[in-house]
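Novice: The sequence shown maps to residues -11 to 163 in my numbering.
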Amino acid sequence: MSLRHAVLGLLADRPASGYDLMKLFDTSLANVWAATQSQVYGELGKLSDTGLVTVTAEGPRGRKEYAITEAGEAELRQWLTGTPPTPARRSDSLLRVFFLGRLTRLEAVTYLESEASRAATRRSALQELEGAVDWDEGPLSVYGRIVLEYGMRQSVMHEEWARWAAEQIGSPDTP
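Below, the structure is given as structure tokens:
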């Protein structure tokens, strides 16, 4: 997935400024794709330069509103239907787990308990987000709720797994 397609997808729903897009990222995509303000504004410039979006309005202090073009719609559609997703293969936390044998048993268990705590905190934050969003029947709400549910289920699984792993490491039978 790329920032390009995330921005095109958000603009396919309705025109937006860079500020509006950042709010949408924070409330809808933060679970699956994080972006900084400079990344979003930089991507909007690139998309505009390549004709995938166009500036539809300009306001005070240089505020620009962008809309997706037909070429942008075609790019988004091609990405959705013609490009298989790249499986996520990198996990900083699992890489650390792989090498926990270099630590004392207590340090390893403490790390795993911290993973469980972070997952619980993430789940709570997602539950708060679910309650704070003004859901409607539009596509971003319908599919956004589906993605949010994935994040909540994933955080539950991560927490349960980390607690299980801590028990395994804490067992006297574990080397």
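By construction, the Cβ of each residue, glycine as well, lies at the ideal position given by its N, Cα and C atoms.
First and last residue of the alpha helix (DSSP H) that includes E118?
Specialist: Taking the first residue of the sequence shown as position 1, residue 118 is located at position 130. It spans R93 to A120 - the alpha helix (DSSP H) in which E118 sits, taken as one unbroken run.
Novice: Once the 5 residues before and after P72 are set aside, which same chain residues still bring their CB inside 7 Å of it?
Specialist: Position 84 of the sequence shown, counting from 1, holds the residue named residue 72. Around P72: no qualifying Cβ.
Novice: Along the chain, where does the alpha helix (DSSP H) containing V20 start, and where does it finish?
Specialist: The residue labelled residue 20 in the question sits at position 32 within the sequence shown. V20 -> no alpha helix (DSSP H), and no H or E assigned at all.
Novice: Would you mind reading off the limits of the alpha helix (DSSP H) that contains E58?
Specialist: Within the sequence shown, residue 58 is the residue found at index 70, counting from 1. Its alpha helix (DSSP H) spans residues E58 to G70.
Novice: Which residues in the same chain as L17 place their Cβ atom closer than 7 Å to its Cβ, once the five residues preceding and following it in sequence are excluded?
Specialist: Reading the sequence shown from its first residue, position 29 is the one you call residue 17. Closer than 7 Å at Cβ, skipping near neighbours: A(-6).
Novice: Within its chain, find whatever has a CB closer than 7 Å to the CB of V121; leave out the 5 residues flanking it on each side and keep chain order.
Specialist: For the purposes of this step, residue 121 is taken as residue 133 along the sequence shown, with counting starting at 1. Cβ neighbours of V121 beyond the five flanking positions: T15.
Novice: Closest by CA to R106, which one among E155, S81, G119 and G60?
Specialist: Looking up residue 106 in the sequence shown gives position 118. Ranking the options by Cα distance to R106, first place goes to S81.
Novice: R111 and S159 look like a contact to me (Cβ under 8 Å); what is the Cβ gap, rounded to whole Å?
Specialist: Stepping through the sequence shown from its first residue, residue 111 is reached at position 123. Stepping through the sequence shown from its first residue, residue 159 is reached at position 171. About 26 Å separates the two Cβ atoms, so there is no contact after all.
Novice: Please classify M145: is it buried, with 16 or more other beta-carbons within 10 angstroms of its beta-carbon, or exposed?
Specialist: The residue you call residue 145 lines up with position 157 of the sequence shown. Exposed is the call here.
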